[in-house]
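Right, one structure below, let's go through it.
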Amino acid sequence: MENGEKINKGEEDEMEIHGYNLCRWKLALVAVGVLCTGGFLLLLLYWMPKWRVKATCSRAPLKNCDVVLLRTTDEFRQWFCAKVRLRMCPGIDPFQTPESMTRKLMNGHAGHLPETPSEHTEDYPINNTEALLLEVRYFVHHSVTYFWNDFRQAFIFWNGLDEGVPCSDIHSVHSKGLSHEVHDYRKLFYGINDIAVKVPSVFKLLVKEVLNPFYIFQLFSVILWCTDEYYYYASAIVLMSVISIISSLYTIKKQYIMLHDMVAAHSIVRVSVCRGNKEAEEILSTDLVPGDLMVIPPNGTIMPCDAVLISGTCIVNESMLTGESVPVTKTNLPVPTMDSRGVDDEIYNTEVHKRHTLFCGTHVIQTRFYAGEPVKAIIVRTGFSTSKGQLIRSILYPKPTDFKLYRDAYMFLLCLVGVAGIGFLYTVVNSILNQVPVGTIVIESLDIITITVPPALPAAMTAGIVYAQRRLRKLGIFCISPQRINICGQLNLICFDKTGTLTEDGLDLWGIQRVENSRFLLPEDKACSEALVKSQFVACMATCHSLTKIDGVLSGDPLDLKMFEAIGWILDEATEEETALHNRIMPTVVQPPKQPLTEQKPAASQEMELFELPTTYEIGIVRQFPFSSALQRMAVVARVLGDKRMDAYVKGAPEVIASLCKKDTVPADFAIVLEEYTKQGYRVIALAHRRLESKISWHKVQNISRDAIENNMTFLGLIIMQNKLKQETPAVLEDLRKANIRMVMVTGDNMLTAISVARDCGMILPHDKVIVAEALPPKDGQAAKINWHYADTMPRSNLNVINSQDIPDKMVNDSLNDNPIIDYHFAMNGKSFAVILEHFQDLVPKLVLHGTVFARMAPDQKTQLVEELQNVDYYVGMCGDGANDCGALKRAHGGISLSELEASVASPFTSRTPSISCVPNLIREGRAALITSFCVFKFMALYSIIQYFTVTLLYSILSNLGDFQFLFIDLAIILVVVFTMSLNPAWKVLVAQRPPSGLISGPLLFSVLSQIIICIAFQTLAFLLVKKQPWYEVWTPNSE
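Throughout, my numbering is defined as the position within the sequence shown, counted from one, plus 724.
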């Protein structure tokens, strides 16, 4: 089939689409075929969507088709079909007014095409009755509705307000809310705002399960055996099948109910929306559409959609989506200044502006509003388009598991079918020569097929997985994708997140190192001394954070908490009443504590002189710019009580903060000092300060861009945090090393810190060389380039740097020639990884083969790395805490989340014990399940071929096994062995030798074939010896 048009271009779910119309003469032919084949053709067309469409339809243009045939463009090339439906609408674009649409369209076809794309508008100036209703064609696939668009001549999916909308338009055009008319018009396209996970009825699930090819084959076998009077064996197979179907129905139904209950938490709530400039009205969340203006209640809510904040602040728990239990602060989307609008206006994007976006399913704990303005958010996506909807879709419609074992199993079954065909022909010919009745010939020849391809094979194959899943549950590892257990037996590379996975979640303050007169002072272990209370350094620690009080308890990022606790200050937040009463109230105020001034003496009981700072010394946080992983920093604007001017404070990655500061304030030995700390594995955070001009008022601060604040800063110094390794980390990594399983660190932390932790935990051995690849993008007409240097000689000049477009052989050879035992590792950060992926694609396989440390990696880069490792034939496992690892956990062959919360929806495996000791356990159980699957397959193949040969020999003398003989072989011998074989537990330690990945391997084939030959030889010999006995008589159809 020629390539068709594509929908979802460049996306993960990209598909080719072909149009078809129903053809009457083809339908008539199919009906005749169904009657002639006794309904088997209908089953075949049910299993094969492509054949079904081609057998009943003719090709047609997409704009006029009745049916669409879809094929995924990934490696699986799956086929789907969908029926095209019609709907009457006043227009074809949810963001254009019906009035403008009727001027451009006549009878559903394009008139004069607009020269430029229409702007999003909220006006609706005409009466609905005057609008010309148009036919809109659409189809639904995997819970997503695609509409035919005459202007684009394609089926398109209306995602929401997050497609190509400038940030300025969000505030100027969309901040008024929708009128009832526009709301009703948009609802025609977006439908009900609901992530509906319908729990199918037992009858529907039963029909779907019974129509599985495996059960159809079993049904065919049972009918055949009953015809041949093999009632006992047929009854046993029916009983097994019924038990298997009931078990499968129970599991599937339970999973649907769990998913439905998880989604139903937000399904219907009452929300307040603003209609134009009128007062807010209450509606059901199911009626929300993109563009609606929603008022977030002060006491919080569960978000029923994705929305962008345009006023106020929210404290949100996003654990459902990310697994991160720490509440995050969401601030309103900044209003672009007048001079930045137009060409340079930033386009709104949910991922880029996630700090201003409330995601569906997340829990808004608290809201804060200023100057009596309620907290408002504009709906950007609803239903299955939301972040939660996409997550649910990935669970409802998962990609098939691509594993060599299953591919080989199908090939092996085809071989068995071929062998059965030979036996079938032999039986037919032999029976005709011996004048056997036609009815007997049909039954016996078909019986050969049911013997060669054993109906109990799939049930036997899954037994090992079921037992492994049970053992994993006892170890505290829960699985939502049982087929992945077998794949985990093949894992030969594990990617680890660092913080919270290899190291402890919390950070301890090791000390601070302040800067005065552009020079570093000596390190200090405490930041709460009286002399520092009014210093800018402590003021930065006290204000530059995203902490909040929830039910009177300080909550927020663990790093922020440790910093704030280290200075012992007090945080006060304005109540709702205070916020409503005052026009310019500071929402958050910090002040130093009452401090006892005493000399440090060992005596426990001593008199203390209480020193209290003036109560007037308070700092109010006027504006907060939340931490951005892309910018690697956060900032605040604060003002000391009574001071006319404001101060800006920034904290973040030292290299980034230093680049924002005036060069004369950054110490000359900054790089050396930073390197010393990061080499020792400390996490270093830099602080900076800037005194703002007096002309910057409170109102101006609320709308100022962070770029205008974060420049010309004064460098204040460093905070040094200690991130300890988890106790079990080194031992687990040593076990993996002994098992020849490669380990890779993928972290968002500093590179030198990551390399240090990799050395401490044994991922990089003490004498191994680490080569850093620093890739630079094209600049000023110069091509992209890569600088290479050893990690232990960080470049402060170009003396240690080799500039090369390829991996420098000299560095690699030097590493290996010094000592053959010494290995070398590549390390790089996220920026370098992105440049190499874009400009040095041929280098990627070489780098990932020896890359061990990937630092400052964004969430999507972690997923890209997993894909690149899979491209060089690694079976990749990913172990993370669920926070920023969801994409990588889903993409890896075996993703295991250490989140105590239910981030398991994003990960095939979830460990209830937050330590990496679950990784060897998972691999061990995977290997046990995989070996069991191989053994079961070999045993079932032997049994079927040997029984096939036995029956063929007996057919040659017009005889067969009796019903009870079949029953004894198939039940007492075969199934007992198969199910007890699967009970074998995993070996207690990981060994270097992994199980083979497929059935088509020398040792396995030799094992099966040699056993078959031995059995056939013995059977043939015994058969011939019996025939030579004097008491043996040849039976014929005419014998008595």
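Using N, Cα and C, we set each Cβ at its ideal position, and we do this for glycine too. Quantities reported herein were computed from a predicted structural model and do not represent experimental measurements.
Separation of residue j from residue i, as counted between CA atoms
| i | j | result |
| --- | --- | --- |
| L1654 | P1206 | 12 angstroms |
| Q1090 | H1269 | 17 angstroms |
| I1291 | N1595 | 49 angstroms |
| L753 | M772 | 17 angstroms |
| F1781 | F1439 | Limits of the chain in this structure are 725 at one end and 1764 at the other, which puts residue 1781 out of reach. |
| V1160 | Q1743 | 25 angstroms |
| S1465 | A1716 | Residue identity differs from the one stated: residue 1465 is Ile in this sequence, not Ser. Going by the C-alpha atoms only, they are around 8 angstroms apart. |
| T853 | E905 | Any reading at T853 needs caution, since the residue's pLDDT is 44, under 50, leaving its predicted position unreliable; the model's value is listed next. Their backbone Cα atoms lie some 11 angstroms apart in a straight line. |
| I1510 | E1498 | 6 angstroms |
| L1057 | R1092 | 15 angstroms |
| A1180 | W749 | 41 angstroms |
| S996 | V1032 | 15 angstroms |
| V1468 | A1187 | 33 angstroms |
| D874 | N732 | 17 angstroms |
| T1503 | A1558 | Contrary to the premise, residue 1503 reads as Lys rather than Thr in this sequence. Straight-line Cα distance between these residues: approximately 15 angstroms. |
| M1445 | D1473 | 12 angstroms |
| G1376 | M1358 | 6 angstroms |
| S1568 | E1592 | The amino acid occupying residue 1568 in the given sequence is Val; Ser does not appear at that position. Computed Cα separation, rounded: 8 angstroms. |
| V1494 | P1122 | 39 angstroms |
| Q1193 | Y1373 | 51 angstroms |
| L1283 | E1400 | 21 angstroms |
| K1450 | T1227 | 5 angstroms |
| S1111 | P1098 | 25 angstroms |
| E1452 | P1182 | 39 angstroms |
| L1398 | L912 | 58 angstroms |
| A878 | R809 | 15 angstroms |
| L902 | Y914 | 14 angstroms |
| I970 | V934 | 11 angstroms |
Endpoints, beta strand (DSSP E) assigned at residue i
| i | result |
| --- | --- |
| I969 | Unbroken run through I969 is the alpha helix (DSSP H), Y955 to V987; no beta strand (DSSP E). |
| S1657 | Here S1657 belongs to no beta strand (DSSP E); instead the alpha helix (DSSP H) covers C1642 to S1680. |
| S1639 | Counting along the chain, S1639 falls outside any beta strand (DSSP E), and DSSP gives it neither H nor E. |
| M1705 | Unbroken run through M1705 is the alpha helix (DSSP H), V1700 to M1705; no beta strand (DSSP E). |
| A1412 | Y1406 to R1415 |
| A1031 | D1030 to S1035 |
| D1371 | D1371 to G1376 |
Beta-ladder partner(s) of residue i, from DSSP
| i | result |
| --- | --- |
| H1513 | V1496 |
| A1551 | V1496 and V1577 |
| E1006 | S996 |
| C781 | L746 |
| P890 | I1071 |
| E1297 | T1312 |
| E1248 | I1236 |
| Q1506 | K1503 |
Run of the alpha helix (DSSP H) containing residue i, from where it starts to where it stops
| i | result |
| --- | --- |
| N1833 | Lying outside 725 to 1764, the shown extent of the chain, residue 1833 is not represented and no answer is given. |
| G1344 | Taken as a continuous stretch (DSSP letters only), G1344 belongs to no alpha helix (DSSP H), being part of the beta strand (DSSP E) at I1343 to S1352. |
| F804 | Looking at the DSSP string, F804 is not in any alpha helix (DSSP H); the run it does join, the beta strand (DSSP E), is W803 to K807. |
| W771 | F764 to W771 |
| T1477 | M1475 to D1484 |
| A1263 | Q1260 to T1267 |
| F1394 | F1394 to K1403 |
| M1287 | P1282 to I1291 |
| H1087 | Premise fails: H1087 lies in the beta strand (DSSP E), H1087 to R1092, not in any alpha helix (DSSP H). |
| T1744 | G1726 to K1751 |
| K668 | Residue 668 falls outside the range modelled here, since the chain spans only 725 to 1764, and no answer is possible. |
| W949 | P937 to T951 |
4 or more residues per run - each alpha helix (DSSP H) lying fully within the region 1140–1221: 1162–1176, 1181–1198 and 1207–1212
Please give the ranges of any beta strand (DSSP E) in the region 1561–1603, keeping only runs that are unbroken, at least 3 residues long and fully inside the region. 1575–1579
Indicate whether the contact test is met: 3 or more Cβ pairs, each with one atom in the region 1005–1021 and one in the region 1066–1081, closer than 8 angstroms. no
Between the region 756–767 and the region 733–748, do three or more beta carbon pairs fall short of 8 angstroms? no
Every unbroken beta strand (DSSP E) inside the region 876–922 [3 residues or more]: 878–880
Please determine if the region 921–935 and the region 1150–1169 are in contact, where contact requires at least 3 C-beta pairs separated by less than 8 angstroms. no
Any 3 or more C-beta pairs closer than 8 angstroms across the region 1659–1677 and the region 1168–1176: yes
Inter-stretch contact at 8 angstroms, needing at least 3 Cβ pairs: the region 980–987 / the region 1707–1716: no
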